[in-house]
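Please read the structure below before turning to the comments.
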Amino acid sequence: MELDRLRGVFRTALELPADADVDTLEYRGIEKWDSLAHMSLIAAIEDEFDIMIDTDDVIDMSSFAKAREIVGKYGVAVA
1 MELDRLRGVF RTALELPADA DVDTLEYRGI EKWDSLAHMS LIAAIEDEFD IMIDTDDVID
61 MSSFAKAREI VGKYGVAVA
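Each residue of the sequence shown is one higher than the last, beginning at 1 in the UniProt record's numbering.
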């Protein structure tokens, strides 16, 4: 359930189609995921899951898989 929410946040923040496969996305792997979109994505994740992501994790979030791992560190079960 939480994994689907995270996928939805990625789709919305990166303005992707509702059926887009985000599981293999990587930072700058698509044109829409640039530095500005990255910060919007971070804010959207924080809002969706009511967490505050620290600076090191913002920098480390280089893919959907890494985002999933990082969000898990903050107590969100995204298995």
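Using N, Cα and C, we set each Cβ at its ideal position, and we do this for glycine too.
Using C-beta distances below 6 Å, list every residue in its chain close to residue i, excluding the 5 sequence neighbours before and after it, in chain order.
{"i": "Ile-30", "result": "none"}
{"i": "Ala-20", "result": "Arg-11"}
{"i": "Met-61", "result": "Ala-67 and Ile-70"}
{"i": "Leu-3", "result": "Val-78"}
{"i": "Tyr-27", "result": "Trp-33 and Ser-62"}
Can you say whether residue i is buried or exposed, counting buried as having 16 or more other CB atoms within 10 angstroms of its CB?
{"i": "Leu-36", "result": "exposed"}
{"i": "Ile-53", "result": "buried"}
With a cut-off of 8 Å on the beta carbons, I'd call residue i and residue j a contact; round off their distance for me.
{"i": "Leu-16", "j": "Phe-64", "result": "Contact flag wrong, Cβ pair sits at about 11 Å."}
{"i": "Ile-45", "j": "Val-78", "result": "About 11 Å separates the two Cβ atoms, so there is no contact after all."}
What residues in its chain sit with their C-beta under 8 Å from that of residue i, if we drop five residues either side in the sequence?
{"i": "Ala-18", "result": "Arg-11"}
Once the 5 residues before and after residue i are set aside, which same chain residues still bring their CB inside 7 Å of it?
{"i": "Arg-5", "result": "Glu-48"}
*Output the residue ranges of the alpha helix (DSSP H) runs that lie fully inside the UniProt domain "Carrier" (4–63) and measure 4 residues or longer, sorted by chain position.*
35–49 and 55–60
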